[in-house]
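Visitor: Supplied in structure tokens, the structure appears directly below.
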Amino acid sequence: MSKKAKKEVATEEGGEVKLSKAEKAERELKANLGPSLAPNETFFGVCHILATYNDTFIHVTDITGRETYIRVTGGMKVKADREESSPYAAMLAAMDVVNRLKELKVNALHIKIRARGGTDSKTPGPGAQVALRTLARFGMKIGRIEDVTPYPTDSTRRGGGRRGRRL
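Residues in the sequence shown are numbered consecutively from 9, following the numbering used here.
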């Protein structure tokens, strides 16, 4: 029987078990994650979704944007490069985000959706809608939804030249 199994058996039987400093710190850390909330109280975070045609980023911060709670990309969830921006990869990333936020007791999100913008595409990629739907479906309350794609008022010349991109 391993040491860990012996400790679990001893604690189930009511026996005293000596824990190392690292194990004590780990138990205290797990107990104190997130804010202390009353039942049915909402705690908001801000979810920044960057959906391009090459990848989908989901980055959750506190309201001020100073502290990052979790940051996951579609590329972290799938093996093939061509699937990084797929709706399936965005769904897996959003599920990881929801699980982490439940540990941190964040139960509501304001959403900021962003495409590449500037002189590039101004429409979000295929993962944006699926990521938002997954966040809502798995228990997150949704506050405001905002499109924060940067639109140039006047900028440098767009790529392609006078006659456009010729295929």
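The C-beta atom is built at its ideal place from N, Cα and C for all residues, glycine as well.
If R74 and T127 are in contact, beta carbons under 8 Å, what's the gap, nearest whole angstrom?
Guide: Rounded, the Cβ-Cβ distance is 30 Å, inconsistent with contact.
Visitor: So, do the stretch 108-125 and the stretch 39-58 have three or more beta carbon pairs nearer to each other than 8 Å?
Guide: Short answer: they touch.
Visitor: From which residue to which residue does the alpha helix (DSSP H) around R145 run?
Guide: Segment 135-145, the alpha helix (DSSP H) holding R145.
Visitor: Assign A30 to buried or exposed, taking buried as 16 or more other Cβ atoms, counted over all protein chains shown, within 10 Å of its Cβ.
Guide: Its Cβ having fewer than 16 others within 10 Å, A30 is exposed.
Visitor: Of the residues V156, D104, T157, which one's Cα is nearest the Cα of T142?
Guide: Among V156, D104, T157, the Cα nearest to that of T142 is on D104.
Visitor: Counting beta carbon pairs with one atom in the stretch 88-102 and one in the stretch 54-64, are three or more of them shorter than 8 Å?
Guide: Taking 8 Å as the limit for Cβ pairs, the verdict is that the stretch 88-102 does touch the stretch 54-64.
Visitor: Using 10 angstroms around the beta-carbon of T161, count the other beta-carbons present and answer buried if the total reaches 16, otherwise exposed.
Guide: By the neighbour-count rule (16 or more Cβ atoms within 10 Å), T161 is not buried but exposed.
Visitor: In chain order, what residues of the same chain lie with their CB nearer than 8 Å to the CB of S129, ignoring the 5 residues before and after it?
Guide: Cβ within range, chain order: T60, Y61, A123.
Visitor: Could you check which residue in L27, A97, I78 has the C-alpha nearest to that of K87?
Guide: The residue with the shortest Cα to Cα distance from K87 is A97.
Visitor: A101 lies in the beta strand (DSSP E); which residues open and close that run?
Guide: Note, A101: premise wrong, no beta strand (DSSP E); alpha helix (DSSP H) at 95-111.
Visitor: K110 and L100: beta carbons closer than 8 Å?
Guide: No, Cβ-Cβ distance for K110 and L100 is not below 8 Å.
Visitor: What is the DSSP secondary structure of K26, reduced to helix, strand or coil?
Guide: Coil at K26, not helix or strand.
Visitor: Just the Cα atoms here: how many angstroms apart are Y159 and I121?
Guide: Cα-Cα distance, rounded: 13 Å.
Visitor: Pick helix, strand or coil for A123, following the three-state DSSP scheme.
Guide: Correct three-state label for A123: coil.
Visitor: The beta strand (DSSP E) spanning G83 covers which residue range?
Guide: Run containing G83: none; DSSP gives neither H nor E here.
Visitor: Determine the DSSP secondary structure at E49, reduced to helix, strand or coil.
Guide: Coil.
Visitor: Applying the 10 Å Cβ sphere with the 16-neighbour rule, what's the burial state of A46?
Guide: Exposed is the call here.
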